[in-house]
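S.K.: Just passing along the structure, written as structure tokens.
There are 2 protein chains.
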Amino acid sequence: MDANDDGNRRIVLAARPRGEPNADSFRLEHGPIPEPNEDELVARTIYLSLDPYMRGRMNDAPSYAAAVEIGEVMTGGTVGQVIASKLDGFEIGDFVLAQGGWQDYATLGAGEARRLDPSVAPIGSALGVLGMPGLTAWSGLREIGRPEPGETLVLAAASGAVGALVGQIAKLRGCRVVGLAGSADKRAYLLDELGFDAALDYRAPDFAATLEAACPEGIDIYWENVGGPLFEAVLPLLNTFARVPVCGLIHWYNATSLPKVTDPTPALMRAILVKRLTLRGFIVFDHADLQDEFVTEIGAWLREGKIRYREDVRDGLENAPDAFAGLLRGENFGKLLIRVSDDPTVGG
Amino acid sequence: MDANDDGNRRIVLAARPRGEPNADSFRLEHGPIPEPNEDELVARTIYLSLDPYMRGRMNDAPSYAAAVEIGEVMTGGTVGQVIASKLDGFEIGDFVLAQGGWQDYATLGAGEARRLDPSVAPIGSALGVLGMPGLTAWSGLREIGRPEPGETLVLAAASGAVGALVGQIAKLRGCRVVGLAGSADKRAYLLDELGFDAALDYRAPDFAATLEAACPEGIDIYWENVGGPLFEAVLPLLNTFARVPVCGLIHWYNATSLPKVTDPTPALMRAILVKRLTLRGFIVFDHADLQDEFVTEIGAWLREGKIRYREDVRDGLENAPDAFAGLLRGENFGKLLIRVSDDPTVGG
């Protein structure tokens, strides 16, 4: 698992997938280990974060961020260790957080790397609970969900990197939390480890009735991570003035065709009007200004043991494409990380 | 037109309409002119307001307000004159604003009537620009639309009671305003009288292209009064962080069946996510606390001639059902009022 043997391996976008990404979507390329120019550093990737948003970057549809070009290294957050530096403030051996991409070594310029202190928290957590997924959960609740004590929050993908944190923060804010997850072990985790009030199987035939029973006071916040038929079951249960932070739509990321349905728009818009709902989309980088406040609050909760998190770590850059396809099918259990090279902070 | 000749005529809900209300939906009944009990007054109706929301009250579906029962007088805002009073603070001859309903005479208890000063503004304006439609426009912009100078606002039903005010307020706040209306005279009114920047025919075959051309900087606020296919044309033009106050859905109020379509939900939700849109429903009575501030600001603009309004006044309570059906088809031009009896403040 020492990446040096192969030079710099890079996984590039080979073809834009139609539907689910597969072996044809990616190509593993080899190159030399880069040397830094002036005002650059080179970091060896330790952890690569895999996240659902990456599916959107594989399309060339307009979005909030530029698409990955064909032949370009796949984008992705990384934690690495500096192996060469001509950049002020960074020395060999420093741990850094960056958008290093799906490769063994990344060249990073000024402003592209943030130094991590491994004595404060495990370095991998900068990609999860203390990183982008964590800020997503924390800021989306603060800015849109606005949980109040006694309210009910429902979320899908509840054991995922964002979902597990959304639910735990809502519990700490005094909410009833109902999590949806597709496997029995994930549901047991939500109940036993994270302290959710209910954990439901959204694939069960009686899901709508089960959801209603689990939300006797209706739903005040629906954290939209998923899209698709879940929202249909949620909509009738939403209370007046309910909030729906729209954070992700993984259900549709691979969709290639859509069914013919009786137009659902009137029912949706009527519910928005009559119940005075708020549906609001957000992207984590709109809330970068909240980063310090986020780390302060979540960091304290972590130290006090009030927040737990789970990582699903797979070894080997070459396994990133399969792991990513599995992520889109909900096969991960916790924050999905690829260990691209050994993490020296934990031995190994 | 002196209502006294016929006692108290009342228009009651005869049958819940399926689709458009028609002659079978209503029944004209006759009764005696009521006498007030202790702590009541009786007012002769001068103006009855007809508003799209009344269509919803004719259904028994759950909504934000109770349905009108079969055989019950149709609900509606009224301006009347007190003819008998056993209620402290009200004397014969006083003008009052109330939910008097579709009838010649209304019995009103404590807290059900607000006295109007006819020297401040024409009494009928308490049902329009200074009343519920006015507060709808003003508060919806303030709380959800949040217009900023240089932004573009698009609204349908633009010459209606709410729409004309939304557009004028947005102009006063420095926006570019594009109004949609179904007839050439309404569009001329929007441009020439209200000073909108563009007025478009939403029924034109090239509407989507015309709308795009009229919004070279995209759309920051879409005031949703209508629902239906207009929103489809608006959605691709919405800018990042655009706001959609959902105020009315008149397009669907009479809908009895819905077409089969390719599911539009994914495109809508994706737009909400990627563009960080806010869709938020509201009902004017959520904002009753803003009434004083609203009257202060709009009243000043009216006195300064910065706000104009137009009323479409029809004579005779018996014509309310036809006028109401026409309102739902967009046949009114300005705030629709029924003159149930003579307005003594303007002679007659």
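Which chain is which? The protein sequence lines are G and V, in order. Mapping of the first sequence onto my numbering: residues 1 to 348, in sequence order. Mapping of the second sequence onto my numbering: residues 1001 to 1348, in sequence order. For each residue, glycine too, the CB sits at the ideal point set by N, CA and C.
1) Pull the bridge partners of V:Pro956 from the DSSP assignment, please.
2) If we count the other Cβ atoms within 10 Å of its Cβ and call it buried at 16 or more, is G:Lys275 buried or exposed?
3) Between which two residues does the beta strand (DSSP E) containing G:Ser85 stretch?
4) Name the chain V residues whose beta carbon is nearer than 9 Å to that of G:Ser139?
5) Within this structure, are the beta carbons of G:Ile123 and G:Tyr47 separated by less than 9 Å?
6) Looking at chain V, which residues of the segment 244-262 of chain G have a Cβ within less than 8 Å of any of its Cβ atoms?
7) V:Leu1180 to V:Asn1254, Cα distance in whole Å?
8) In whole angstroms, what is the alpha-carbon distance linking V:Gly1109 and V:Leu1041?
9) Between the segment 70-89 of chain G and chain V, which residues of the former have CB atoms less than 9 Å from a CB of the latter, in chain order?
10) State the DSSP-derived secondary structure class of V:Asp1220, mapped to helix, strand or coil.
11) Would you list the one or two residues that DSSP bridges to V:Phe1026?
12) What's the call for V:Ser1257, buried or exposed, on a 16-neighbour Cβ count within 10 Å?
13) How far does the alpha helix (DSSP H) with V:Val1295 in it extend, from its first residue to its last?
14) Would you say G:Gly195 faces chain V, with C-beta separation under 9 Å as the test?
15) Does the Cβ of V:Pro1216 have 16 or more other Cβ atoms within 10 Å, making it buried, or fewer, making it exposed?
16) When Cβ atoms are compared, which residues of the segment 267-293 of chain G fall closer than 9 Å to chain V?
17) Skipping 5 residues on each side, what residues in its chain have a beta carbon closer than 7 Å to that of G:Asp197?
18) Can you tell me which of the three DSSP states G:Val340 falls into?
19) For V:Tyr1064, go through chain G and note every residue whose CB falls closer than 9 Å to its CB, in chain order.
20) Quick one: is V:Thr1265 near chain B, going by C-beta distance under 9 Å?
21) With H, G and I counted as helix, E and B as strand and the rest as coil, what does DSSP make of V:Arg1055?
22) At a CB-CB cut-off below 7 Å, which residues of chain G make contact with V:Gly1227?
23) Helix, strand or coil for V:Asn1239 per DSSP?
24) Grab me the residues of V:Gly1128's own chain with a C-beta within less than 7 Å of its C-beta, minus the 5 sequence neighbours each way, in chain order.
25) Measure the CB-CB distance between G:Leu50 and G:Ile338 and report whether it falls below 9 Å.
26) Would the segment 1242-1250 of chain V and the segment 1278-1287 of chain V be scored as touching if the rule is three or more Cβ pairs under 8 Å?
27) Taking only beta-carbon positions, decide if V:Phe1324 is within less than 9 Å of chain G.
28) Would you kindly work out how many angstroms separate the C-alpha atoms of G:Leu235 and G:Ala156, rounded to a whole number?
29) Do we get a CB-CB distance below 9 Å when we pair V:Phe1231 with the residues of chain G?
30) Across which residues does DSSP place G:Glu311 in a beta bridge pair?
31) For V:Val1068 versus V:Arg1057, is the C-beta distance shorter than 9 Å?
32) Pull the bridge partners of V:Ser1119 from the DSSP assignment, please.
33) Could you compute how far the alpha carbon of G:Arg44 sits from the alpha carbon of G:Leu238?
34) Examine chain G for any beta-carbon lying closer than 9 Å to the beta-carbon of V:Glu1148, and answer yes or no.
35) Skipping 5 residues on each side, what residues in its chain have a beta carbon closer than 8 Å to that of V:Glu1112?
36) Return the chain-ordered ranges of every beta strand (DSSP E) run that is complete within the segment 1139-1197 of chain V and spans a minimum of 3 residues.
M.R.: Let me spell this out:
1) Outside the shown range of chain V, which is 1001 to 1348, sits residue 956 of chain V, and nothing can be said about it.
2) buried
3) Thr78 to Ser85
4) Chain V residues near G:Ser139: none, gap ~12 Å exceeds 9 Å.
5) yes
6) Val246, Cys247, Gly248, Leu249, Trp252, Ala255, Leu258, Pro259, Lys260, Val261 and Thr262
7) 20 Å
8) 7 Å
9) none
10) strand
11) V:Leu1013
12) exposed
13) Gln1291 to Arg1303
14) no
15) exposed
16) Ala267, Leu268, Met269, Arg270, Ala271, Ile272, Leu273, Val274, Lys275, Arg276, Leu277, Thr278, Leu279, Arg280, Gly281, Phe282, Ile283 and Asp286
17) Arg176, Val177 and Val178
18) coil
19) Thr240, Leu273, Val274, Lys275 and Arg276
20) Protein chains G and V are contained in the structure displayed, whereas chain B is not.
21) helix
22) Pro266 and Met269
23) strand
24) Gly1134, Ala1161, Tyr1309, Glu1311 and Lys1335
25) yes
26) yes
27) no
28) 14 Å
29) yes
30) G:Lys335
31) yes
32) Answer is none; V:Ser1119 lacks a bridge partner.
33) 48 Å
34) no
35) Ala1098 and Gln1099
36) 1152-1155 and 1176-1180
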